[in-house]
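Undergrad: Residues 3 to 305 in our numbering are what the sequence shown lists, from first letter to last.
Backbone N, C-alpha and C define an ideal beta-carbon position, used for all residues, glycine too.
Below: one structure in structure tokens.
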Amino acid sequence: MIKDIQNEILKLKKEKDICILAHSYQSPEILEIADFTGDSFALSQRASEVQSKTVIMCGVRFMAETVKILSPDKKVILSNPAAGCPMAEMLDVEYVKEVKRQYPDYAVVAYINTTSELKTVCDVCVTSSSALKICRKIEKDNILFIPDCNLGGWIAKQLPEKNIKLLDGCCPVHAKLSREDVLKAKQLHPGALLLVHPECRAEVCELADFAGSTTEIMHFAKTSEADAFIIGTENSIVTHLQLACPDKKFYPLSNECICSDMKATTLVDVLNCCKGEFGEEIILDDEIYRGAKRCIDEMIRLG
Ligand code: 13P
Ligand code: SF4
3 MIKDIQNEIL KLKKEKDICI LAHSYQSPEI LEIADFTGDS FALSQRASEV
53 QSKTVIMCGV RFMAETVKIL SPDKKVILSN PAAGCPMAEM LDVEYVKEVK
103 RQYPDYAVVA YINTTSELKT VCDVCVTSSS ALKICRKIEK DNILFIPDCN
153 LGGWIAKQLP EKNIKLLDGC CPVHAKLSRE DVLKAKQLHP GALLLVHPEC
203 RAEVCELADF AGSTTEIMHF AKTSEADAFI IGTENSIVTH LQLACPDKKF
253 YPLSNECICS DMKATTLVDV LNCCKGEFGE EIILDDEIYR GAKRCIDEMI
303 RLG
């Protein structure tokens, strides 16, 4: 059944010259039919190289907007219009403008998990895997990092030479993970290494053996000599790693680390997008497009 739907998608994709991009948090059956998979950084790079006239982005809205900004002449479809990222929508543009007025000599760094509108008032974007490198390269010593105070705090610890100001935003999925979850998991799986996403709170990152983006976590687990890991990020990564490394053991840090937005897209949604019967074409207002593009271009230049 799943194979039949996948084959139909593959046929339509070829006939209609469609490229499918899928974030690593998508289900295995979607990753299997995607042309490119990876973390936010890998996907934003791929987006600019894609030749096809139509791109279906299996992920959340800000990812589809990033693809559109990097490929304005392509038809970019968000695989499920209901898939947003709560963190991306957490901060209001007027509020950030007000903070900027209070801190005029700060460079404003936006995590890529922001709306395009919010990017228009920022200087540069970063992804979880490029944030450290880009913040280090920024000329100004004062940085206002939005919206994720956990990722920002993790960067700040590694860059004591910079003065990094944080606001209140966070990923509600990763921020649920706690020190208690770590202690419980370590007790249940003694000897397993703890790998976490830097969107987790400091009390979790501090106890980790490794913190990094989705792709960096997967790379670490695949190439490590260790054979057991506790995974502190969206639980789809536990499934993907278990399939990729059947001889190793992977345990979720918490059974609750599930992003319902990332899970919103189904294989049938992708099929219906290919048929032209579902999904939302991303259309951006000209001014928002130009402002957000400046911020993303700067990320590519510095990254
Ligand atoms: P990555 O940068 O690892 O792709 O993470 C994106 C994301 O939404 C994590 O919650
Ligand atoms: Fe957004 Fe968090 Fe879901 Fe990632 S896991 S898409 S940051 S809500």
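Excluding the 5 residues flanking Ala24 on each side, which residues of the same chain have their C-beta closer than 6 Å to its C-beta?
TA: Here the set comprises Ile32, Leu33, Ala36, Thr39, Cys60.
Undergrad: Is Glu236 near the ligand SAM, going by C-beta to nearest heavy atom under 7 Å?
TA: Ligands present in the displayed structure are limited to the ligand 13P and the ligand SF4, and the ligand SAM is not among them.
Undergrad: If you draw a straight line from the C-alpha of Cys261 to the C-alpha of Glu91, how long is it?
TA: So the two alpha carbons sit approximately 15 Å from each other.
Undergrad: Anything with a beta carbon under 7 Å from a heavy atom of the ligand SF4 counts; list them all in chain order.
TA: So the residues near the ligand SF4 by this Cβ test are Tyr27, Val62, Cys87, Pro88, Met89, Ala90, Asn115, Cys173, Pro174, Val175, His176, Glu201, Glu236, Cys261, Asp263, Met264.
Undergrad: Mind checking which residues open and close the beta strand (DSSP E) that includes Leu197?
TA: From DSSP, the beta strand (DSSP E) with Leu197 extends over 195 to 198.
Undergrad: Can you tell me whether Arg203 is buried or exposed? The criterion is at least 16 other CB atoms within 10 Å of its CB, across all chains shown.
TA: By the neighbour-count rule (16 or more Cβ atoms within 10 Å), Arg203 is buried.
Undergrad: Nearest-angstrom Cα distance between Leu374 and Ser180?
TA: With the chain running from 3 to 305 in the structure shown, residue 374 is simply not present.
Undergrad: Going by alpha carbons, who is nearest to Lys142 out of Val95, Gln189, Pro106?
TA: Considering only alpha carbons, the answer is Pro106.
Undergrad: Quick one: does the C-beta of Phe43 sit closer than 7 Å to a heavy atom of the ligand 13P?
TA: Yes, the beta carbon of Phe43 sits closer than 7 Å to at least one heavy atom of the ligand 13P.
Undergrad: Would you kindly work out how many angstroms separate the C-alpha atoms of His1 and Asp288, rounded to a whole number?
TA: In this structure the chain extends from 3 to 305, so residue 1 is not present and cannot be described.
Undergrad: With a threshold of 16 other CB atoms inside 10 Å of the CB of Met264, please say whether the residue is buried or exposed.
TA: So Met264 ends up on the buried side.
Undergrad: Does the ligand 13P have a heavy atom nearer than 7 Å to the CB of Thr267?
TA: Checking every heavy atom of the ligand 13P against the Cβ of Thr267, none is found closer than 7 Å.
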